[in-house]
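A.B. asks:
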Amino acid sequence: MRSKTLILCCVLACLFFQPARAEENVFKKYNPDIDKYVFVKSFIMGLSYYDRVARRLKEEDMATVAAKADRKAIQAFIDHRTLDNTELRIAKNYIIRYGEHSNGLIRKVALDAIVVYETLLNLSVKEREMWVAFGRYKVSGQPADFNEQDFVQKQGDLALQKKEIAKDLVKASALLSKVLLSAARCDSEECKQLAITQDERDKLSKKLDLFARDNMEWGLKSGQSTVQASVAAIREVLEDPVYISK
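Just so we're on the same page, my numbering is the position in the sequence shown counted from 1, plus 405.
1. Could you work out which residue in L581, V443, T631 and K612 is closest to K513 when comparing CA atoms only?
2. Thinking just about the alpha-carbon of each residue, which of V443, L488, G624 and I649 is nearest to the one in K612?
3. Flag this pair as yes or no: are the beta carbons of N490 and G451 separated by less than 9 Å?
4. Could you check how far apart the C-beta atoms of V584 and I511 are, in whole angstroms? I think they sit under 8 Å.
5. At which residues does the alpha helix (DSSP H) containing K568 begin and terminate?
6. Cα separation between E428 and D438?
7. Would you check if the distance between the CB atom of S635 and the CB atom of L599 is smaller than 9 Å?
8. How close, in whole Å, do the beta carbons of W623 and D607 come, if the pair is a contact with beta carbons under 8 Å?
9. Considering I500, what are the terminal residues of the alpha helix (DSSP H) in which it resides?
10. Roughly how many angstroms lie between the CA atoms of N436 and L516, to the nearest whole one?
11. Whose C-beta lies closer than 6 Å to the C-beta of R640 among residues of the same chain, with five residues either side of it excluded?
12. Among K568, Q633, K463 and M535, which one has its Cα closest to the Cα of Q554?
13. So, with DSSP's three-state summary, where would you put I449?
14. With respect to the alpha helix (DSSP H) encompassing L609, which residues constitute its N-terminal and C-terminal limits?
15. Between the region 474-485 and the region 527-543, are three or more C-beta pairs nearer than 8 Å?
16. Measure the CB-CB distance between L493 and Y455 and report whether it falls below 9 Å.
17. Smallest Cα separation from W642: which of S627, T602 and F616?
18. Could you give the uninterrupted runs of the alpha helix (DSSP H) lying entirely in the region 500-558, keeping only those of 4 residues or more?
19. K572 and T524 - do their beta-carbons sit closer together than 9 Å?
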């Protein structure tokens, strides 16, 4: 009878603890402690270049420019999109090498951010072409069938598309909290043990401060812009003492 009870206990233990072991193995397998500091640093540097794009877009008033038909202002829009194109390429280049990384979670975060930057770049190139066409129309009146209202509508649609795709950058930033967890010290993603030292945390926070000193919040909140939410998600992990350094 005692041997039967022992066998039953062993069977129950296997049934109940097998999922936990499997989950632990998945966490350790896909998030090994490789290149975590350098990846997050590269991600932050890419985000800093996207921040420049976002600040320009915030300052612009497309409807006012279209209404005034100011050629100097139109040229400014063309120049801004040229800068956007360059800085979005730089942002992507900071993380593109991680798109084939052996750490599966780093790879996912990198690929998600790359898709955002590439999509925004394509939209920015298209928008620049539209502003160039609008400028030519204002100078020469050609093509004669150019529709300014249609132009304004398309510009508005592009702006909405940019905002929508940028949301995925916030998701990628939030996933960095899992990237930074130590597979060597943690059994699951609920752990608060980090794979980086306090000195490395301080250095990453200073990288954020270089372009986001006006945003010192922790965590995601309603009403935040894409950059504000991304920075706040990263700051929470780097600066909250509940997360323990290596």
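Where a beta carbon is used, it is the ideal one built from N, C-alpha and C, also for glycine.
C.D. replies: In brief:
1. Within the sequence shown, the letter at position 108 stands for residue 513. Nearest option by C-alpha distance: L581.
2. Working through the sequence shown from its first residue, we reach residue 612 at position 207. It is V443.
3. Here residue 490 is taken as the residue at index 85 of the sequence shown, counted from 1. Here residue 451 is taken as the residue at index 46 of the sequence shown, counted from 1. Taking 9 Å as the Cβ cut-off, N490 and G451 do not qualify as a contacting pair.
4. Position 179 of the sequence shown, counting from 1, holds the residue named residue 584. Position 106 of the sequence shown, counting from 1, holds the residue named residue 511. Confirmed, about 6 Å.
5. The count along the sequence shown starts at 1 and reaches residue 568 at position 163. Residues E553 to V584.
6. Counted from its first residue, the sequence shown places residue 428 at position 23. Counted from its first residue, the sequence shown places residue 438 at position 33. Reliability of the predicted coordinates at E428 is poor, the pLDDT of 46 falling under 50, and the value obtained from them is presented with this limitation in mind. Cα-Cα distance, rounded: 17 Å.
7. By one-based count along the sequence shown, residue 635 stands at place 230. By one-based count along the sequence shown, residue 599 stands at place 194. Their beta carbons are not under 9 Å apart, which means S635 does not touch L599 by this criterion.
8. For the purposes of this step, residue 623 is taken as the residue at position 218 of the sequence shown. For the purposes of this step, residue 607 is taken as the residue at position 202 of the sequence shown. Not really, about 16 Å apart at Cβ, beyond 8 Å.
9. Reading the sequence shown from its first residue, position 95 is the one you call residue 500. Where I500 is concerned, the enclosing alpha helix (DSSP H) stretches over R476 to I500.
10. Here residue 436 corresponds to residue number 31 of the sequence shown, with the count starting at 1. Here residue 516 corresponds to residue number 111 of the sequence shown, with the count starting at 1. One C-alpha to the other measures close to 15 Å.
11. By one-based count along the sequence shown, residue 640 stands at place 235. Excluding positions up to five away in sequence, the list reads W623.
12. As a working note, residue 554 is residue 149 in the sequence shown. Checking every option, the nearest Cα to that of Q554 belongs to M535.
13. Within the sequence shown, residue 449 is the residue found at index 44, counting from 1. If DSSP states are grouped into helix, strand and coil, I449 belongs with the helices.
14. Taking the sequence shown and counting its residues from 1, the one referred to as residue 609 is at position 204. Q603 to A617 is the extent of the alpha helix (DSSP H) around L609.
15. yes
16. The residue given as residue 493 occupies position 88 in the sequence shown. The residue given as residue 455 occupies position 50 in the sequence shown. Closer than 9 Å, so yes.
17. The count along the sequence shown starts at 1 and reaches residue 642 at position 237. The question names Trp, yet the displayed sequence has Val at residue 642. Comparing Cα positions, the closest option is T602.
18. 509-545
19. For the purposes of this step, residue 524 is taken as residue 119 along the sequence shown, with counting starting at 1. For the purposes of this step, residue 572 is taken as residue 167 along the sequence shown, with counting starting at 1. Going by C-beta atoms, T524 is not nearer than 9 Å to K572.
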